[in-house]
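Residue numbers are given in the UniProt record's numbering: position 21 of the sequence shown equals residue 21, and the series is strictly consecutive. Ideal placement from N, C-alpha and C gives every residue a C-beta, glycine not left out. Predicted model, so just to flag it, every value in this text is computed and none were measured. Below is one structure, written out as structure tokens; the observations come after it.
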Amino acid sequence: MSNLLHLDASLRRDGSRSRMLSARFAQKWLAARPDGTVTYRDLAADPVPHLDEASYTTLFAEPAERTAEQAERWAFGDVFVQELLAADSVVIGLPLYNFGPPSSFMSWLDRIVTPDRTLGRLGDKQFVFALASGGGYGPGTPRHGWDHREPWLRHVFDALGVTDPVFVTAELTLARESPMMIPLDLGEASDQSLADALSTIDRLAA
Numbered sequence: 001m002s003n004l005l006h007l008d009a010s011l012r013r014d015g016s017r018s019r020m021l022s023a024r025f026a027q028k029w030l031a032a033r034p035d036g037t038v039t040y041r042d043l044a045a046d047p048v049p050h051l052d053e054a055s056y057t058t059l060f061a062e063p064a065e066r067t068a069e070q071a072e073r074w075a076f077g078d079v080f081v082q083e084l085l086a087a088d089s090v091v092i093g094l095p096l097y098n099f100g101p102p103s104s105f106m107s108w109l110d111r112i113v114t115p116d117r118t119l120g121r122l123g124d125k126q127f128v129f130a131l132a133s134g135g136g137y138g139p140g141t142p143r144h145g146w147d148h149r150e151p152w153l154r155h156v157f158d159a160l161g162v163t164d165p166v167f168v169t170a171e172l173t174l175a176r177e178s179p180m181m182i183p184l185d186l187g188e189a190s191d192q193s194l195a196d197a198l199s200t201i202d203r204l205a206a
């Protein structure tokens with residue numbers, strides 16, 4: 001039986017393109033695998049606490065040497081690790097906040113990066129990142145290179161053994177909402193970017 005881990009991190013509910021893309025992937029993935037299961041986490045609605053000293057140091061302590069506080073932190077973080085290890089495919093909906101991923105996603109990531117269980121060991125899983133950005137950051141744009149999600153994610157997941165993550169991006173999502181972008185008349189470009197992203201998601205999920 002196949003299992004999909006589905007994560008969202010957008011603060012928005014209505015109108016979130018990253019949520020739309022990740023939900024589309026989960027829907028199409030499950031339709032293609034009727035006996036599959038989906039584990040879902042909303043990192044914005046139910047955020048994972050940031051690491052503290054006990055959470056960090058327990059990663060390097062022998063089980064028999066852990067304090068009661070470290071043991072509790074280990075058990076808490078192990079839930080996220082086991083969800084990831086049980087997945088065959090992972091889809092992550094990520095908006096762009098201040099030119100990087102939301103801190104709620106980074107808190108989750110800090111919990112699942114463990115030296116003995118995930119580093120270099122996730123290469124057998126499919127990873128799809130459903131990205132959305134309010135503006136445009138591609139070649140030729142004034143802010144080309146300001147979207148730091150993909151380069152950073154490639155480095156992190158390469159360390160986890162994932163050499164072929166897939167990035168699907170819907171840009172210009174604020175074309176009809178931002179007072180600074182409305183005069184630029186980018187609505188059609190926004191629609192095309194979303195349509196292209198949805199088409200790619202359908203192909204990947206199948």
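query = Can you give the beta carbon distance from Pro95 to Ser10, rounded, assuming they're within the 8 Å contact cut?
reply = 5 Å
ask   = Which term fits Leu122, buried or exposed, when burial requires 16 or more other beta carbons within 10 angstroms of its beta carbon?
value = buried
ask   = So, helix, strand or coil for Val91, using DSSP?
value = strand
query = For the candidate residues Gln82, Val48, Tyr56, Glu69, whose alpha-carbon lies nearest to that of Phe105?
reply = Val48
Bridge partners - Phe167, DSSP secondary structure assignment = Answer by DSSP bridge pairing, in chain order: Phe129.
ask   = If we ignore side chains and look at the alpha-carbon of each, how far apart do Lys125 and Val162 end up?
value = 8 Å
request  = Flag this pair as touching only if the segment 132–149 and the segment 165–172 have three or more C-beta atom pairs under 8 Å; answer yes or no.
outcome  = Yes, the segment 132–149 touches the segment 165–172.
ask   = If Arg41 sits next to Leu7, beta carbons under 8 Å apart, how far is it from one beta carbon to the other, in whole angstroms?
value = 5 Å
message = Under 8 Å: do the segment 76–85 and the segment 20–32 share three or more Cβ pairs, one atom per stretch?
response = no
query = Along the chain, which unbroken stretches of the beta strand (DSSP E) at least 3 residues long are found entirely within the segment 54–101?
reply = 89–94
Short Cβ contact (8 Å threshold) for Ala206 with Arg17 = no
query = Going by other Cβ atoms of all chains shown within 10 Å of its Cβ, with 16 needed for buried, is Arg13 buried or exposed?
reply = exposed
task = Would you kindly work out how many angstroms separate the C-alpha atoms of Leu153 and Leu160, rounded to a whole number?
result = Using only the alpha carbons, I get a separation of about 10 Å.
task = Identify, in the order they occur along the chain, each residue of the same chain with its Cβ nearer than 6 Å to the Cβ of Met1, setting aside the five sequence neighbours on each side.
result = Correct list, in chain order: Asp35.
Range covered by the beta strand (DSSP E) that runs through Val38 = 37–42 is the extent of the beta strand (DSSP E) around Val38.
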